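Report on one structure; see the data block that follows.
2 protein chains.
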Amino acid sequence: MPSPPPAWVQALKPAGPQGSELLAQERAQSNVDVDKLAELLHTKEALDRQQHILSILESEKVFDKSENYTLGRTEKIQRALGKAKRLQQLAVQHKWSQDDYYMANDLLSEPTPYGLHASMFLVTLREQTTPEQKKLFLEPAAKYEIIGCYAQTELGHGSNVRGLETTATWNPDDKTFTMHSPTLTASKWWIGSLGRTANHAVVMAQLYVGGKNYGPHPFVVQIRDMQTHQPLENVYVGDIGPKFGYNTMDNGFLLFNKVKIPHVNMLARFSRVDKETNKYMRPASHSLLYGTMTWVRSNIVLQAGSVLARGVTIATRYCAVRRQFQDRDGGKDAGENQVLNYKMVQVRLLPLLASMYALHFTGRGMMRLYEENQKRMKGAVEAGQDKRGAGPEQLRAGADLLADLHATSCGLKALASTTAGEGLEVARYLLKSARAVLAGKGTNNDTSQILQTYLSRREKGASFDILEEDKDIVAAFAWRTAHLTFEALKRRDVEKRSWNSLLVDFWRLSTAHSQYLVVKNFYEAVTSPQLTSELDPETLSLMHKLFRLYALHTLEREAGEFFSSSAVTTRQISLAQSNAVMKLLDEIRPHAVRLVDAWKFPDWQLDSSLGRYDGEVYPDLFRRACQNPVNDLVFDPYPWNENVLKNSAPKSKL
Amino acid sequence: MPSPPPAWVQALKPAGPQGSELLAQERAQSNVDVDKLAELLHTKEALDRQQHILSILESEKVFDKSENYTLGRTEKIQRALGKAKRLQQLAVQHKWSQDDYYMANDLLSEPTPYGLHASMFLVTLREQTTPEQKKLFLEPAAKYEIIGCYAQTELGHGSNVRGLETTATWNPDDKTFTMHSPTLTASKWWIGSLGRTANHAVVMAQLYVGGKNYGPHPFVVQIRDMQTHQPLENVYVGDIGPKFGYNTMDNGFLLFNKVKIPHVNMLARFSRVDKETNKYMRPASHSLLYGTMTWVRSNIVLQAGSVLARGVTIATRYCAVRRQFQDRDGGKDAGENQVLNYKMVQVRLLPLLASMYALHFTGRGMMRLYEENQKRMKGAVEAGQDKRGAGPEQLRAGADLLADLHATSCGLKALASTTAGEGLEVARYLLKSARAVLAGKGTNNDTSQILQTYLSRREKGASFDILEEDKDIVAAFAWRTAHLTFEALKRRDVEKRSWNSLLVDFWRLSTAHSQYLVVKNFYEAVTSPQLTSELDPETLSLMHKLFRLYALHTLEREAGEFFSSSAVTTRQISLAQSNAVMKLLDEIRPHAVRLVDAWKFPDWQLDSSLGRYDGEVYPDLFRRACQNPVNDLVFDPYPWNENVLKNSAPKSKL
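So the protein lines, in turn, are chains A and B.
Quick note on numbering: the UniProt record's numbering labels position 636 of the first sequence as 636, and the sequence is numbered without any gaps.
Quick note on numbering: the UniProt record's numbering labels position 270 of the second sequence as 270, and the sequence is numbered without any gaps.
This is the structure in structure tokens:
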């Protein structure tokens, strides 16, 4: 490490008010009860857990973050495995629950080579195995005697799961499956934990029985030797190389050259090949196979809110410390203005602050739905197993719920990550629901209801009071979604337009529907008994303001669609933009720092100079700069000298 | 490097039509004359230069790109200096012109530690020195005997140049300046080539003469020993550490503890301190000092177009090779569809393809303006110097032009890079012009004219035919800009709203103005004598389609402002969206690959599997994966083993 700066440098301070003074001032001007709000967002239990786990991690040198951005890929991934091992040792030593373990990973904020083992591999084994398979695979996996991954995506196929090329062919003679990769594009690709770490994989492959293809199914396949860790024969496996921002994970590729696995290696909770009859046994519903992906998507929405919250925490604190330019209307002697005081900054930052609350409440709502559904399914399946194969109605009811959750989770994932593909699932679902409503077969779920409301009121028009009534804002979002649904349906069913020409409409529809869901979830949260009873009136009113800011800012950004669906008038939009949103920015501004403080990200987790809780931005930036290892190098700067370093070996060694 | 894959892996091919076949098919279905179009975009001279320089670089092992993403920061920057040195050696050896040298850097596509020396340092010395200073600084700098950088930004001040804290105080007794950093925030920060490479810096510092502050001025300061390369006494300098995507450059910090420099080190072409009278000699116009930054901004617009073009080239070729899902309206046996055929992909990609042409033509227009202006200024200054201090009118005329170019370049830089701050310059400039027009003092420059046109026709309305007439599209963009200008002016001058409350309006105004400039430049290019005479009718018509796609897509995205300014009707927007844009996508689609081919990026420059000219995406991705050095590691995967590698030293060494 470079030597410390000389005394005259160490004596220097930032000009003007110090960061710590500015943040103290920010915190003094707001009465938001940060601890209370934090408990409502995360629960007291989670906050206590965070404190406890943090104290353990901070004291372990292996988790030091100071070289995270300077190391090369090979060093980085070795250290990441070191961290993963230590986390697992601590988990055993301290008897961590699963939530404790997830918390530790969250605080570390860096994917490790155990990442996919600890999530997708274990979840899949837990959900899709028979009792026999649990003993064989899940139990050793839980003890890290087996290290696994989840191999679905291929070089040639990502979203289109039905297009996967890897095959699993049933051999009636010796009661095995042959795993095979017929082409280069059949190579598994992007599979986390596969590249260097896993010795087993859950492989999604096209099942062939008696020459017939039954679609993608999951198989457990051993890929590396348990002692030498070398790939097994006819398995070609490795790391796919450096990636944008994910270099502590060994995302891998995998090819099979006719590898045989036993019958028991096909995950058989929902469907299986009968060993005696050599017949394929169909699951109650095909969508059951995709349960794991639904869980992943729900998690992505929740994580998106958390990642956004980290960014907004850092940006808000920095914008309160960073000062730039005098206010042009201020006097000549006015000091420089906090960047957070500029309307231009507020209009970019505060809607994001509102969004992180919106995504959080939405993610929580979805997770609740997923867990309820899992419980119901579990009951149905267990009832079915007791009776050896019965319970199909309950299973089907569960599958219908899962279809709804699947569509919703696809749309919200698309919204949260701005990918478009999965949004189509939602458009498809909405069109199906609209057809049912038009045929008088609507149900009483929320989607049916908003479509029915629209139909019944379409003639007399909307006339929502978005500027005064919060519930009317929600209604306006529902109205726009219903309008776009029936428009798209007309184009498809009446005008017979091609699917391809409607994709842009479907994408707009999916976005509109997901925005409606977020607005609705946010509204339900701020009017929920929990928040209304536990928050002081001032903070509760601030939550309503965040709701309105999120909703009106979104409405303004999508103004065209709200006009054309007649959900609002141009006059309303113009007032929302020039008055309502500007007023909300003024009202929320003084509370911005406390509103991010309530997320309780520890400094150790954020690892950010700009986002420090104490506001000491500049000294910390400078300290990190001085310590960075490039400052140990002494360049020879002249082009005619071969060596790049003073007194180094000739350049050729590089 | 890992050993090559076994024979059964090497025998595998991607499924379905090969990438090379798909791209051949794409190129066969279009008649665009790629070579002709390339010449019009880049000139024959530049294309020949590219070929020539490329052949030299490709044969030098030092420029190998294969480890660019796997190395750690300290190795990366050492290699980058090695590349920079070799480039300079080649430049001397082959007697490269400046354009040759820039081309070599462009092909390398990686900033090197000589980057700021070769651009900002040399440009500043060339533009802001006296003949004596040219001998003293510019001549050795051009020979790399002096290596320099441009130190303006400070830890506490970026955009607000007037707020810089570094001081340069004139000492009448010994005729020196004292350079000093009074605070930590005065530290120079983010300065390219400063961290480890430069031995000199152009330092922007507040000039104090006789206790009075004359604002920021440029000084040349030696910072490191010419032999040992160690920092000079009372200079604290170093590298600021890893950054997002710029780690081959040694961006640095710099603090002075009362360092004295000679009188001649103040760059004195435009302003100076008189050695005899100890008086500050004012420049003809203060804005002259900012010439270098204007050049940089113009360059950023041109570069933004080029960077966008690289991304679009890669995306377009990959979208033609990547196939996913069957068309839902196609038959059951239809193969998977090229991703480029999906409307959803076209609507995202093809407007970007149009934008890269738009930005290119706009950037070229701006550079032309900058160069013309520089020539005029040079003439004026030389005339003035001959007469010892005359020529102020010519200088002032040059400065007025520069002010216009300054505002325009700020706005376009903001548009091209989506930073908002500099857009304010434009808003300020437009308001000033609008005040002049209202006072009957408009000039006949373009800005005045569009404001006058709007005023004269405001009563009877716009009625542009944007769906049929290209020039009416340009007029609609001008109309919207003028409308927003007068709206903003009313709020500021009549309603006396605060500057802060109007920042969002100003930002919108700046965006609108810059979009108008791009649309106008694009229109002028496609109707220019050069394009109309040299392109075949089919390709020329395609250029018009790209213009319309860029313009109508932008118009659709900003629909709200076009409505409310009455530049267009809601009916027109709706038709543009559902018919015109969709039709343009259909018409441009078959030519997409040839339209990116015309940019002539060599594979070596793009260094991208997805963007390969030959379409062999999957084999190249797989080859790179197999060769990545992480595959040399054999992990010990079990948490209870301390070692992360099989047969490695204990983990503690990490």
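Where is the CB? At the ideal position from N, CA and C, for every residue including glycine.
The model shown is predicted, which means the values in this text are computed figures rather than measured ones.
In terms of DSSP beta bridges, what is residue i paired with?
i: F219/B; result: V203/B, M266/B
i: Y280/A; result: V273/A
i: R323/A; result: Q338/A
i: L484/A; result: Looking at the DSSP assignment, L484/A forms no beta bridge with any residue, so it has no partner.
i: I261/B; result: F177/B
i: L81/B; result: Paired residues: none, contrary to the question.
i: F635/A; result: L645/A
With the cut-off set at 9 Å, would you say residue i and residue j are in Cβ contact?
i: E422/A; j: K432/A; result: no
i: F121/B; j: N265/B; result: no
i: S170/B; j: V209/B; result: According to the sequence shown, residue 170/B is Trp rather than Ser. It is a contact, given that the beta carbons lie within the stated cut-off.
i: E26/A; j: A320/A; result: yes
i: I191/B; j: Q230/B; result: no
i: A334/B; j: Q346/B; result: no
i: V568/B; j: A462/B; result: yes
i: A91/A; j: T112/A; result: no
i: L340/A; j: A592/A; result: yes
i: F244/B; j: K188/B; result: no
i: Q515/B; j: L415/B; result: yes
i: L267/B; j: L125/B; result: yes
i: G411/B; j: L517/B; result: yes
State the CB to CB distance for the pair residue i and residue j, rounded to an integer number of angstroms; the pair is presumed to be in contact (CB under 8 Å).
i: E561/B; j: L451/B; result: The Cβ separation is near 17 Å, so there is no contact.
i: R317/A; j: L610/A; result: 7 Å
i: Y101/A; j: P639/B; result: Contact flag wrong, Cβ pair sits at about 12 Å.
i: M249/A; j: G115/A; result: 6 Å
i: P182/B; j: M204/B; result: Not a contact, Cβ separation roughly 15 Å.
i: I146/B; j: N199/B; result: 7 Å
i: W499/B; j: D329/A; result: 5 Å
i: H117/B; j: G148/B; result: 5 Å
i: A104/B; j: L47/B; result: Not quite, the Cβ-Cβ distance comes to about 15 Å (not below 8 Å), so this is no contact.
i: L645/B; j: D632/B; result: Their Cβ separation, rounded to whole angstroms, is 10 Å, which puts L645/B and D632/B out of contact at 8 Å.
i: P242/B; j: R73/B; result: 5 Å
i: L424/A; j: Y370/A; result: With 8 Å as the limit, L424/A and Y370/A do not qualify as a contact, their Cβ atoms being about 21 Å apart.
Measuring from the CB of residue i, is there a heavy atom of the ligand FMN at a distance below 8 Å?
i: Y208/A; result: As presented, the structure is devoid of all ligands, the ligand FMN included, so that no description of it is given.
Residue i CB to nearest chain C CB: under 9 Å?
i: V220/A; result: No chain C appears in the structure shown, which is made up of the protein chains A and B.
Inset, instruction - Kindly provide the ranges of any alpha helix (DSSP H) runs that are 4 or more residues long and lie completely inside the region 571-628 of chain A, ordered along the chain. - result: Within the region 571-628 of chain A, the complete alpha helix (DSSP H) runs of at least 4 residues are 582-588, 592-597, 603-606, 617-627.
Legend entry - contact_flag[the region 155-165 of chain B, the region 122-137 of chain B] where n(CB pairs < 8 Å) is 3 or more: Taking 8 Å as the limit for Cβ pairs, the verdict is that the region 122-137 of chain B does not touch the region 155-165 of chain B.
Legend entry - Any beta strand (DSSP E) of 3 or more consecutive residues that is wholly inside the region 97-121 of chain B: none
Inset, instruction - Scan the UniProt domain "Acyl-CoA oxidase/dehydrogenase middle" (149-259) of chain A and note each continuous alpha helix (DSSP H) run of 4 residues or more that stays entirely inside, going in chain order. - result: none
Legend entry - Stretch pair the region 595-615 of chain A + the region 23-41 of chain A: three plus CB contacts closer than 8 Å: yes
Inset, instruction - Please confirm if the region 181-199 of chain A is in contact with the region 273-284 of chain A, defined as three or more CB-CB distances below 8 Å between the two stretches. - result: Using a C-beta cut-off of 8 Å, the region 181-199 of chain A makes no contact with the region 273-284 of chain A, since fewer than three inter-stretch Cβ pairs fall below that distance.
Inset, instruction - Could you say if the region 537-556 of chain B and the region 470-482 of chain B meet the contact criterion of at least three C-beta pairs nearer than 8 Å? - result: yes
Inset, instruction - Give a yes or no on contact between the region 20-34 of chain B and the region 320-329 of chain B, applying the rule of three or more CB pairs nearer than 8 Å. - result: yes
Inset, instruction - Determine contact between the region 480-495 of chain B and the region 563-573 of chain B, defined as no fewer than three beta-carbon pairs at a distance below 8 Å. - result: yes
Inset, instruction - Evaluate contact between the region 509-527 of chain B and the region 358-373 of chain B, counting only Cβ atoms and requiring at least three cross-stretch pairs below 8 Å. - result: yes
Legend entry - Inter-stretch contact at 8 Å, needing at least 3 Cβ pairs: the region 238-248 of chain B / the region 622-634 of chain A: yes
Inset, instruction - Note down, one range per segment and in chain order, each alpha helix (DSSP H) of at least 4 residues found wholly within the region 511-563 of chain A. - result: As summarised for the region 511-563 of chain A, the continuous alpha helix (DSSP H) elements at least 4 residues long and confined to that stretch are 529-534, 537-557, given in chain order.
Legend entry - Meets three-Cβ-pair contact criterion under 8 Å: the region 10-17 of chain B and the region 135-144 of chain B: no
Inset, instruction - Enumerate, from N- to C-terminal direction, the unbroken alpha helix (DSSP H) stretches of 4 or more residues contained entirely within the region 398-480 of chain B. - result: 423-438, 446-457
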